Amino acid sequence: SYDYTIDTHKLNLFTATVKDETLRWFMGLGRDVVTTWAKMKEKFLTEHQDYC
2 SYDYTIDTHK LNLFTATVKD ETLRWFMGLG RDVVTTWAKM KEKFLTEHQD YC
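Those letters in the sequence shown? Residues 2 to 53, per the numbering used here, in order.
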């Protein structure tokens, strides 16, 4: 079956739009850590709260 969700699409777009330290941070999280867009937002905002 084809399992390509909206969350998967958003996560792929995220990796295509970030660079340098943010991309390294994201790639270092591991595949099982961020499986939904909601989890990505939570992790990203926690990591970068000083800049938001």
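Note that beta-carbon positions come from the ideal geometry of N, C-alpha and C, so glycine has one too. Bear in mind that the values here come from a model prediction, so they are computed numbers and not experimental data.
With 16 or more other Cβ atoms from the protein chains shown falling within 10 Å of its own Cβ, V35 counts as buried. The three-state secondary structure of K20, taken from DSSP, is coil.
C-alpha of L12 to C-alpha of M41: approximately 8 Å in a straight line. In this structure, E43 lies away from W26, with their beta-carbon atoms at least 8 Å apart. T6 sits in coil when the DSSP states are folded into three classes, being neither helix nor strand.
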